[in-house]
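Everything on this sheet refers to the single structure shown next.
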Amino acid sequence: MEIFIDIEDSTPLFAQLVEQIKQAVLQGNISAGDALPSIRQLANDLELNNKTVAKAYRLLERDSVIQTKGYRGTFIHPDARKNSSFDLNEWARTTLGKTINELRSADVTDSEIRIAFSNVMKS
Amino acid sequence: MLDVIFYVIFLGQIFLLSYYYPWKTYERIAYILEHCPPSQYPKLYPNTNYIDPTIPVRGLVKTFKTINVITILIGVGAIFLAAINGYKPEGHGEETLIGLYAMVQFIPMIFIEIKTYQQNKLMRELSKSGVRKAQLQARNLFDYISPIAVAAALIMFCLVILFELYIANFEFRMDQKFITIVGVGTVMQFFFGFTIYWAIYGKKQDPHLSYEDQKKVGSIATSSAVYTSIGMSVFIIVNSAVKEFNLSYLDPVIMSLYFQALAFFGVGVIFRKFKVEDVNFEVYKKEVNNNI
């Protein structure tokens, strides 16, 4: 299974990687238990920085799409298919959107929302 | 009797290193020039400084052939001189000359390797694009070589150390010989390890090569490193045994056989495992722009 990275695309490289690996899982090109290339191998093949691939793997691990088994390597998570269809970014946008709409309907100004959001993020 | 065996083996060295494998290399290049013309396979000829891009390749072949012919003449001349002077192998340092001659014989192969490296570099520079691709597949050492071969290489290196200790009656002495053998041996094992790592996980040298062919190239480099490691260990053991049991007159024969084995496992593996007819040359064809 081949993956492509477009370095001229406006989408960040790590996000392209995350998206492609999720798509590969959803399309059944890779399935639960399949071994993924090591960070160094993939970074070398795609001529990317190790940190970029590591970041993509970290996000995929957080979403339970992949799992790292120590020195044995990185594998596709048993629930990867289910978890790949769940877009955490989209969910964050929707939830935040609902909250902002609620605040706006209560006549809270955008500037007040920004300050509150910033304070909550800092705390 | 030994002198006849020596002459036959040395002739074998001349044949294998300066005729047989160079001829196989030449056939390979000739096949590519015949079946993959620049008009249809432009990516195969990245040197665009010539109207006919095959000119630098033909020049390379000419130099390659010339060096090999000179090497054959030196070797045959040496045999002739030795024969008329009634030379008999005695192990008074002639093995050094045989080793040096073998190194000279390897020069054309190294020359081809350097040129291939330069060509690949040029290909990479020309094929730089915004889109990069990779296989989403883990590569492991044992996809490239059998665990038995790797275990054999490690066991052989342990045997080298054991044999050296046996010669010293298992009295551990950090003398110069022991340090040289174990130290150089260990450095070489690390070097082979690095070669294997680079072949499996390193950057793709030829940017157009298909994944299957890339795997074959990696497999060849890995096999070559592992078998060379085994050969080196065998050589060290045999060499030590020869010195220990006062069989120095066998040194020239052993040296010649060692370099032939190196060529068989290091160079021969390319021709056995990666036949030119099986290479996917489609990847070097001109890309058709479907957007037009």
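In order, the protein sequences belong to chains S and X. Under the working numbering, think of the first position of the first sequence as 1, with each following residue one higher. Under the working numbering, think of the first position of the second sequence as 1001, with each following residue one higher. Just so you know, even glycine gets a beta-carbon here, dropped at the ideal spot from N, CA and C.
Query - Euclidean distance between Cα positions of residue 92 of chain S and residue 99 of chain S - result: The alpha-carbon separation between residue 92 of chain S and residue 99 of chain S amounts to approximately 11 Å.
Query raised in the report: Where does the unbroken alpha helix (DSSP H) through residue 1244 of chain X begin, and where does it stop?
Result: Start and end: 1211–1244.
Query raised in the report: Under 8 Å Cβ-Cβ, which residues of chain X neighbour residue 38 of chain S?
Result: Scanning chain X for C-beta atoms nearer than 8 Å to the C-beta of residue 38 of chain S yields 1138 and 1201, reported in chain order.
Report task. Would you tell me roughly how many angstroms separate the C-alpha atoms of residue 1068 of chain X and residue 1151 of chain X, rounded to the nearest one? Result -> Rounded to whole angstroms, residue 1068 of chain X to residue 1151 of chain X spans 36 Å at the Cα level.
Query - residue 1098 of chain X versus X:1079, X:1070 and X:1116, residue with shortest Cα-Cα distance - result: Nearest of X:1079, X:1070 and X:1116 to residue 1098 of chain X, Cα basis: X:1079.
Query raised in the report: Using a C-beta cutoff of 9 Å, does residue 1130 of chain X count as contacting chain S?
Result: With 9 Å as the cut-off, residue 1130 of chain X counts as an interface residue toward chain S.
Query raised in the report: Looking at the C-beta of residue 46 of chain S, does it have a partner C-beta in chain X at a distance below 9 Å?
Result: Cβ-Cβ to chain X under 9 Å: yes for residue 46 of chain S.
Query - Reduced DSSP secondary structure (H/G/I, E/B, other) of residue 1043 of chain X - result: Looking at residue 1043 of chain X - three-state DSSP - the assignment turns out to be helix.
Query - Touching by the beta-carbon criterion (3+ pairs, under 8 Å), the region 52–66 of chain S and the region 1122–1129 of chain X - result: By the Cβ test, the region 52–66 of chain S is not in contact with the region 1122–1129 of chain X, since fewer than three Cβ pairs between them sit closer than 8 Å.
Requested in this report: Measure the Cβ-Cβ separation of residue 1230 of chain X and residue 1153 of chain X and say whether it is below 9 Å.
Outcome: Inclusion of residue 1230 of chain X and residue 1153 of chain X in the CB contact set at 9 Å is warranted, their separation being smaller than that value.
Report task. Between the Cα of residue 2 of chain S and those of S:11, S:52, S:17 and S:10, spot the shortest distance and give me the residue it belongs to. Result -> It is S:17.
Report task. Find the nearest neighbour of residue 1219 of chain X within the set X:1086, X:1278, X:1146 and X:1016, judged by alpha-carbon distance. Result -> Considering only alpha carbons, the answer is X:1146.
**Report entry** Three-state class that DSSP yields for residue 2 of chain S in the structure shown
**Finding:** Assignment of residue 2 of chain S by DSSP, reduced to helix, strand and coil, places it in the strand class.
Query raised in the report: Closest by CA to residue 1276 of chain X, which one among X:1032, X:1164 and X:1052?
Result: Checked all of X:1032, X:1164 and X:1052; the closest Cα to residue 1276 of chain X is X:1032.
**Report entry** For residue 1131 of chain X, the first and last residue of its enclosing beta strand (DSSP E)
**Finding:** In the DSSP assignment, residue 1131 of chain X falls within the beta strand (DSSP E) that extends over 1131–1135.
Query raised in the report: Does the beta carbon of residue 1211 of chain X come closer than 9 Å to any beta carbon on chain S?
Result: At least one beta carbon of chain S lies nearer than 9 Å to the beta carbon of residue 1211 of chain X.
Query raised in the report: Taking the C-alpha atoms as reference points, what is the distance between residue 1011 of chain X and residue 1057 of chain X?
Result: The straight-line gap from Cα to Cα measures roughly 30 Å.
Query - Rounded C-alpha distance that separates residue 108 of chain S from residue 101 of chain S - result: Approximately 10 Å between the Cα atoms of the pair.
Query raised in the report: Using 9 Å as the limit for Cβ to Cβ distance, is residue 1065 of chain X near chain S?
Result: So no, residue 1065 of chain X is outside the interface.
**Report entry** Where the beta strand (DSSP E) containing residue 1119 of chain X begins and where it ends
**Finding:** Annotation for residue 1119 of chain X: no beta strand (DSSP E) segment contains it, though the alpha helix (DSSP H) segment containing it runs 1094–1126.
Query raised in the report: At a CB-CB cut-off below 7 Å, which residues of chain X make contact with residue 63 of chain S?
Result: Contacts between residue 63 of chain S and chain X, judged by CB atoms closer than 7 Å, are missing: the closest CB pair is about 17 Å apart.
Query raised in the report: Does any residue of chain X bring its CB to less than 9 Å from the CB of residue 7 of chain S?
Result: It does; some Cβ of chain X falls within 9 Å.
**Report entry** Short Cβ contact (9 Å threshold) for residue 1091 of chain X with residue 1242 of chain X
**Finding:** In contact: residue 1091 of chain X and residue 1242 of chain X (Cβ atoms closer than 9 Å).
**Report entry** DSSP three-state assignment for residue 124 of chain S, whether helix, strand or coil
**Finding:** Nothing about residue 124 of chain S can be read from this structure; chain S reaches only from 1 to 123.
Report task. Could you pull out every residue in the same chain whose Cβ sits closer than 8 Å to the Cβ of residue 1284 of chain X, ignoring the five residues on either side in sequence? Result -> If we look at residue 1284 of chain X and ignore the five residues flanking it on each side, its Cβ neighbours are 1036, 1041, 1042, 1043, 1044 and 1208.
Requested in this report: At 7 Å on the CB atoms, spell out the chain X contacts of residue 14 of chain S, in chain order.
Outcome: In chain order: nothing, as chain X lies at least about 14 Å away.
Requested in this report: Report the residue from X:1142, X:1176, X:1183 and X:1123 whose alpha carbon sits nearest the alpha carbon of residue 1158 of chain X.
Outcome: Nearest C-alpha to residue 1158 of chain X: X:1183.
Query - Close Cβ partners of residue 48 of chain S (< 8 Å) along its chain, the five nearest in sequence each way excluded - result: Within the same chain, residue 48 of chain S has close Cβ partners 5, 13 and 42.
Query - Exposure of residue 1247 of chain X, with buried meaning 16 or more beta-carbon neighbours within 10 Å - result: Around the beta carbon of residue 1247 of chain X, fewer than 16 other beta carbons sit within 10 angstroms, so the residue counts as exposed.
**Report entry** Cβ pair count under 8 Å reaching 3, the region 1196–1207 of chain X against the region 1113–1124 of chain X
**Finding:** Yes: the two stretches touch, three or more of their Cβ pairs being nearer than 8 Å.
**Report entry** C-beta contact flag for residue 66 of chain S and residue 31 of chain S at 9 Å
**Finding:** No; because the gap between Cβ atoms is not below 9 Å, this pair is not in contact.
Query raised in the report: Any idea which residues DSSP pairs residue 67 of chain S with across the strands?
Result: DSSP, once it has assigned bridges, lists S:75 as partnering residue 67 of chain S.
Query raised in the report: What is the DSSP secondary structure of residue 1263 of chain X, counted as helix, strand or coil?
Result: Residue 1263 of chain X carries a helical assignment under DSSP once its states are collapsed to helix, strand and coil.
Requested in this report: Grab me the residues of residue 1255 of chain X's own chain with a C-beta within less than 7 Å of its C-beta, minus the 5 sequence neighbours each way, in chain order.
Outcome: Within its own chain, the residues whose Cβ lies closer than 7 Å to the Cβ of residue 1255 of chain X, once the five positions on either side in sequence are excluded, are 1095, 1098 and 1099, listed in chain order.
Query raised in the report: Would the region 1105–1121 of chain X and the region 1174–1181 of chain X be scored as touching if the rule is three or more Cβ pairs under 8 Å?
Result: Too few Cβ pairs lie closer than 8 Å, so no.
Query raised in the report: What is the DSSP secondary structure of residue 106 of chain S, reduced to helix, strand or coil?
Result: It is coil, neither helix nor strand.
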